[in-house]
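First comes the structure, then the notes that go with it.
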Amino acid sequence: MTTDLVTVKKLVLKDWDLHQKIIAGYIGLGILGLAILGYPHVWAFYMGCVILMTVMISAGFHAINVTIIGEKKEQTTPFIMSLPVRPFEYALAKIVANLVIFLVPWTAIVVGIVFLTLTTHIPDGILQFFLVMCVLLVMNYSLVLTITLVSESEGWSIFFMVIVNIAVNPFIMLTLRNPEFNQHMESDTFYWSDDATVMMSVMLVATVLFIVAGALRQSRRQTFI
Numbered sequence: 011m012t013t014d015l016v017t018v019k020k021l022v023l024k025d026w027d028l029h030q031k032i033i034a035g036y037i038g039l040g041i042l043g044l045a046i047l048g049y050p051h052v053w054a055f056y057m058g059c060v061i062l063m064t065v066m067i068s069a070g071f072h073a074i075n076v077t078i079i080g081e082k083k084e085q086t087t088p089f090i091m092s093l094p095v096r097p098f099e100y101a102l103a104k105i106v107a108n109l110v111i112f113l114v115p116w117t118a119i120v121v122g123i124v125f126l127t128l129t130t131h132i133p134d135g136i137l138q139f140f141l142v143m144c145v146l147l148v149m150n151y152s153l154v155l156t157i158t159l160v161s162e163s164e165g166w167s168i169f170f171m172v173i174v175n176i177a178v179n180p181f182i183m184l185t186l187r188n189p190e191f192n193q194h195m196e197s198d199t200f201y202w203s204d205d206a207t208v209m210m211s212v213m214l215v216a217t218v219l220f221i222v223a224g225a226l227r228q229s230r231r232q233t234f235i
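The numbers in the working numbering rise by one with no breaks, and the one at position 3 of the sequence shown is 13.
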């Protein structure tokens with residue numbers, strides 16, 4: 011049985027229309043974080059990093075909570091049931107919608123980080139660390155998205171949100187201890203290591219596997235009620 015892409019598109023556009031203002035808000039906060047990051051002072055650098063990381067994490071988890079958990083709790087399925095939609099099409103629409111809602115502010119922030127790093131006082135050598143961290147957040151988000159989509163459980167969603175956020179700090183510490191990162195952090199020359207390539211490749215592959223696993227799991231469901 012083929013997938014009805016028209017129905018999927020309608021569901022995606024429904025979520026997109028409901029979140030345009032929220033996305034704009036997160037982009038606005040991202041611009042604020044970038045402005046602070048670009049200010050030539052140590053405290054501004056750290057505050058800007060915290061704001062940007064918080065915005066990227068919050069944008070994704072907010073969308074998951076509203077589009078999946080919120081719909082389940084508020085029992086808004088009558089709208090969905092009015093469409094000839096199968097569980098896989100519903101799941102595919104949720105995956106696409108959530109990825110778009112997350113990746114729009116994420117992309118804006120990443121572009122801003124690259125621009126600031128290469129054009130301001132921020133050492134160019136730190137850029138590989140920034141990019142690895144940004145990809146880590148994508149992988150973490152995809153894991154929580156998959157768990158939430160499959161379980162439709164607020165409890166499991168919150169549990170994995172907490173786990174992946176806790177795991178960020180140890181990852182930062184271990185990465186900064188890697189000579190391929192810490193020896194170039196204050197360099198004015200952009201440096202890219204094989205370790206960074208491997209780390210990003212593993213995280214991107216894991217991201218794809220999480221999403222595909224969630225979609226395949228949902229394709230076997232008979233109903234999403």
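Quick reminder that beta carbons are idealized off the backbone N, C-alpha and C, glycines included.
Bear in mind the structure is a predicted one, so any value in this text is a computation, not a measurement.
| Exposed unless 16 or more other CB atoms sit within 10 angstroms - verdict on Phe139 | If you number the sequence shown from 1, residue 139 lands on position 129. The residue in question, Phe139, is buried, as its Cβ has 16 or more Cβ neighbours within 10 Å.
| query | Among Ile41, Val160, Pro115, Pro133, which one has its Cα closest to the Cα of Phe98? | reply | The sequence position of residue 98 within the sequence shown is 88, counting from 1. Among Ile41, Val160, Pro115, Pro133, the Cα nearest to that of Phe98 is on Val160.
| message | Quick check on the burial criterion: 16 or more other C-beta atoms within 10 angstroms. Buried or exposed for Ser197? | response | As a working note, residue 197 is residue 187 in the sequence shown. So Ser197 ends up on the exposed side.
| query | Nearest to Leu155 by CA position, among Gln30, Pro50, Ile67, is which residue? | reply | Reading the sequence shown from its first residue, position 145 is the one you call residue 155. Of Gln30, Pro50, Ile67, the residue nearest in Cα terms is Ile67.
| query | Hey, which unbroken runs of the alpha helix (DSSP H) at 4 residues or more fall wholly within the segment 167-195? | reply | 189-192, all fully within the segment 167-195.
| message | Just verifying my parser: in three-state terms, what is the DSSP assignment at Trp116? | response | Here the question's residue 116 lines up with position 106 in the sequence shown. Three-state result, Trp116: helix.
| task | Determine contact between the segment 104-117 and the segment 165-174, defined as no fewer than three beta-carbon pairs at a distance below 8 Å. | result | Not touching, per the Cβ criterion.
| field | Stretch-stretch touch, CB-based, cutoff 8 Å, three pairs: the segment 50-66 with the segment 23-31 | value | No, the segment 50-66 is not in contact with the segment 23-31.
| task | Could you spell out where the alpha helix (DSSP H) holding Phe139 opens and where it closes? | result | For the purposes of this step, residue 139 is taken as the residue at position 129 of the sequence shown. DSSP places Phe139 inside the alpha helix (DSSP H), whose first and last residues are 137-161.
| Taking buried to mean at least 16 other C-beta atoms within 10 Å of its own C-beta, is Val22 buried or exposed? | Translated into the one-based positions of the sequence shown, residue 22 becomes position 12. When all chains shown are included, Val22 counts as buried.
| message | Buried or exposed, going by whether 16 or more other CB atoms sit within 10 Å of the CB of Arg230? | response | Here the question's residue 230 lines up with position 220 in the sequence shown. By the C-beta density criterion, Arg230 is exposed, having fewer than 16 other C-beta atoms within 10 angstroms.
| said: Could you compute how far the alpha carbon of Leu141 sits from the alpha carbon of Val95? | reply: One-based indexing of the sequence shown puts residue 141 at position 131. One-based indexing of the sequence shown puts residue 95 at position 85. Approximately 38 Å, taken between the alpha carbons.
| request: Assign Asp204 to buried or exposed, taking buried as 16 or more other Cβ atoms, counted over all protein chains shown, within 10 Å of its Cβ. | output: Your numbering for residue 204 matches position 194 in the sequence shown. Exposed, by the Cβ-count rule.
| field | Proximity of Ser152 and Phe220 at Cβ, strictly below 8 Å | value | Numbered from 1 along the sequence shown, position 142 holds the residue referred to as residue 152. Numbered from 1 along the sequence shown, position 210 holds the residue referred to as residue 220. Yes, the Cβ-Cβ distance between Ser152 and Phe220 is below 8 Å.
| request: Within 10 angstroms of the Cβ of Ala223, are there 16 or more other Cβ atoms? Answer buried if so, exposed if not. | output: Stepping through the sequence shown from its first residue, residue 223 is reached at position 213. By the Cβ-count criterion, Ala223 is exposed, with fewer than 16 other Cβ atoms from all chains shown falling within 10 Å of its own Cβ.
| said: Given this structure, state the Cα-to-Cα distance separating Thr130 from Thr158, to the nearest angstrom. | reply: Numbered from its first residue, the sequence shown carries residue 130 at position 120. Numbered from its first residue, the sequence shown carries residue 158 at position 148. Thr130 and Thr158 have their alpha carbons spaced roughly 40 Å apart.
| task | Work out the CA separation of Val145 and Met210 for me, nearest whole Å. | result | Position 200 of the sequence shown, counted from the first residue, corresponds to residue 210. Position 135 of the sequence shown, counted from the first residue, corresponds to residue 145. Cα atoms of Met210 and Val145: separation of roughly 7 Å, rounded to the nearest angstrom.
| query | How many angstroms separate the CA atom of Ile33 from the CA atom of Asn108? | reply | Taking the sequence shown and counting its residues from 1, one reaches residue 33 at position 23. Taking the sequence shown and counting its residues from 1, one reaches residue 108 at position 98. Between Ile33 and Asn108, the C-alpha separation is close to 11 Å.
| task | Determine, using beta carbons only, whether Ala216 and Met149 come nearer to each other than 8 Å. | result | Here residue 216 is taken as the residue at index 206 of the sequence shown, counted from 1. Here residue 149 is taken as the residue at index 139 of the sequence shown, counted from 1. Against a cut-off of 8 Å, the Cβ pair of Met149 and Ala216 comes out as a contact.
| request: Go ahead and label Met63 buried or exposed: buried means 16 or more other beta carbons lie within 10 angstroms of its beta carbon, across all protein chains shown. | output: Position 53 of the sequence shown holds residue 63. Answer is buried; the Cβ neighbour count reaches 16.
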